[in-house]
Amino acid sequence: MVKGVQFRNHEVVGDILQLAERYSNEGADELVFYDITASPEDRTVDRSWINRVAEKINIPFCVAGGIRSINDAEEVLNYGADKISINTPAIHNPVLIDELAKRFGTQCIVIGIDSYEDDDNYKVYSNTGDPSKTKETGKIVNDWVNEVQERGAGEIVLNCMNQDGVRNGYDIEQLKLMRSNINIPLIASGGAGDLDHFVDVFRASDVSGALAATVFHKSIINIDELKKYLRKNEIEVRL
Amino acid sequence: MASLEFALRRIDTDYQITDDIDLINKASHIILPGVGAAKNAMMRLNQCELINEISNLKKPTLGICLGMQIFMDASMEDDTDCLGIIPNTCKPFKPERDYPVPHMGWNRVHFTFDSMLTRNIKDSDYYYFVHSYYAPLCNETIGVSKYQTEFSAIIEKDNFFGTQFHPEKSGLAGEKILKSFVSL
Numbered sequence: 001m002v003k004g005v006q007f008r009n010h011e012v013v014g015d016i017l018q019l020a021e022r023y024s025n026e027g028a029d030e031l032v033f034y035d036i037t038a039s040p041e042d043r044t045v046d047r048s049w050i051n052r053v054a055e056k057i058n059i060p061f062c063v064a065g066g067i068r069s070i071n072d073a074e075e076v077l078n079y080g081a082d083k084i085s086i087n088t089p090a091i092h093n094p095v096l097i098d099e100l101a102k103r104f105g106t107q108c109i110v111i112g113i114d115s116y117e118d119d120d121n122y123k124v125y126s127n128t129g130d131p132s133k134t135k136e137t138g139k140i141v142n143d144w145v146n147e148v149q150e151r152g153a154g155e156i157v158l159n160c161m162n163q164d165g166v167r168n169g170y171d172i173e174q175l176k177l178m179r180s181n182i183n184i185p186l187i188a189s190g191g192a193g194d195l196d197h198f199v200d201v202f203r204a205s206d207v208s209g210a211l212a213a214t215v216f217h218k219s220i221i222n223i224d225e226l227k228k229y230l231r232k233n234e235i236e237v238r239l
Numbered sequence: 001m002a003s004l005e006f007a008l009r010r011i012d013t014d015y016q017i018t019d020d021i022d023l024i025n026k027a028s029h030i031i032l033p034g035v036g037a038a039k040n041a042m043m044r045l046n047q048c049e050l051i052n053e054i055s056n057l058k059k060p061t062l063g064i065c066l067g068m069q070i071f072m073d074a075s076m077e078d079d080t081d082c083l084g085i086i087p088n089t090c091k092p093f094k095p096e097r098d099y100p101v102p103h104m105g106w107n108r109v110h111f112t113f114d115s116m117l118t119r120n121i122k123d124s125d126y127y128y129f130v131h132s133y134y135a136p137l138c139n140e141t142i143g144v145s146k147y148q149t150e151f152s153a154i155i156e157k158d159n160f161f162g163t164q165f166h167p168e169k170s171g172l173a174g175e176k177i178l179k180s181f182v183s184l
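These protein sequence lines are chains B and Z, in that order. Just so we're aligned: the first sequence equals residues 1 to 239 in this note's numbering. Just so we're aligned: the second sequence equals residues 1 to 184 in this note's numbering.
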């Protein structure tokens, strides 16, 4: 299971650390930090917070947001992140995936994909961190998952935007379809609202992990209880 | 590397990062963290003239991930001759539909032999793995994990211990292994 943590500015890093520690103690298997302060183009960003996270938590974590080059990636990894997640920059410059995989190994390269279902097609959207810039890329998710796998992605986080934030459950049909297209781990994102949504996504779509943010941040679901519930439902989890 | 440093600090253990033979001789315990490829790791050890030093260590020595793999005779990764402490050869996982390579994530480790390293630690707990090569089961295997096939997750030979997983990233279970090692 993966946890999403979203934060906006440096003042809240202390809160982030506390939250990260709490999730890690509750049994999260991995944390994902969306560094939206790093998003604006061509801005030098202070990434030292990553070091403070690495100091505190003893489980793997991934950093997403603002990684556009080998240098960005190197900085994030040197600060102690285990993985980097790339979304929009990979769409604009797919060769970046090849370069990152070659340099750092496929195991730490995660590709985030924001998918929107429209006219019976799954379409890739970019810049979803900023609603005013979000746009359709012309790419079809079925093709893009294959391309990023071929280029050296080690893992894909598929965020199904139709489900995102509505807490009606993961998009099982879409996840199942994409899972059958690729060999690398697929992580479900978007739509978790209750315990059974997690059971359903693991049972029906064979994903390697499920990511959620809202239900944990708002304490609707406790990670330890969730994992016990999964185990009770015969889904293999670390307890 | 940063992760291991932080993990040692969390268990209040003093450490130094070094390639200096005198410091290595003075240390009570040695950890070989593995990063990157076998060939490169062996080349670096050779450059630092540490190959014989490490093989002849008599104090508790822990190899992590690639650090454990280079304890073997050899690795098929780029046909690399390794330290030869344990007669075994590391092999690559073959990518399969349900077994993407690298093997990455949490997996169970079953203790197969009683050891000072794992004594008082819960059997069949989960640890965090990231690797494309593995050490097949051998006489020195004391912990077994399974991914496509069973492989050595923990090895022990005399004062040499190795974990294929990353104890520094394996939550409380991993922390216990590190604590246990530093108190040997």
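Yeah, the Cβ is synthetic: ideal placement off N, Cα and C, and Gly gets one too. Here the structure is a predicted model, which is why all the values come from computation and not from measurement.
| Query | Result |
| --- | --- |
| Looking at the structure shown, is residue 74/Z part of a helix, part of a strand, or coil, going by DSSP? | strand |
| Could you tell me the distance, in whole angstroms, from the CA atom of residue 231/B to the CA atom of residue 76/B? | 34 Å |
| Give the straight-line distance between the Cα atoms of residue 112/B and residue 58/B, rounded to the nearest whole angstrom. | 24 Å |
| Roughly how many angstroms lie between the CA atoms of residue 151/Z and residue 133/B, to the nearest whole one? | 48 Å |
| Can you tell me the Cβ-Cβ gap for residue 91/B and residue 139/B, rounded? I've got them flagged as a contact below 8 Å. | 7 Å |
| Have a look at residue 103/B and residue 70/B and give me their C-alpha separation to the nearest angstrom. | 8 Å |
| Using a Cβ-Cβ cut-off of less than 9 Å, give me the residues of the stretch 135-154 of chain B that come near chain Z, in sequence order. | 154 |
| Specify the secondary structure class of residue 3/Z as computed by DSSP and reduced to three states. | helix |
| Would you tell me roughly how many angstroms separate the C-alpha atoms of residue 114/Z and residue 171/Z, rounded to the nearest one? | 22 Å |
| Quick one: give me the first and last residue of the beta strand (DSSP E) that residue 51/Z is part of. | Element bounds for residue 51/Z: not the beta strand (DSSP E) but the alpha helix (DSSP H), 51-55. |
| Where does the unbroken alpha helix (DSSP H) through residue 103/Z begin, and where does it stop? | Counting along the chain, residue 103/Z falls outside any alpha helix (DSSP H), though it belongs to the beta strand (DSSP E) covering 103-111. |
| Can you give me the Cβ contacts of residue 106/Z inside the same chain, cut-off strictly under 6 Å, excluding the 5 residues immediately before and after it? | 126, 128 |
| Start and end of the beta strand (DSSP E) containing residue 144/Z? | 141-147 |
| Taking only the alpha-carbon atoms, compute the straight-line gap between residue 159/B and residue 188/B and give it to the nearest angstrom. | 7 Å |
| Quick check: the stretch 43-53 of chain Z against the stretch 141-149 of chain Z, are there 3 or more CB pairs under 8 Å? | no |
| Using a Cβ cut-off of 7 Å, which residues of the stretch 177-188 of chain B contact any Cβ in chain Z, in chain order? | 183, 184, 185 |
| With 16 as the cutoff for other CB atoms within 10 Å, does residue 191/Z come out buried or exposed? | In the structure displayed, chain Z extends from 1 to 184; residue 191/Z sits before or after that span and is not available. |
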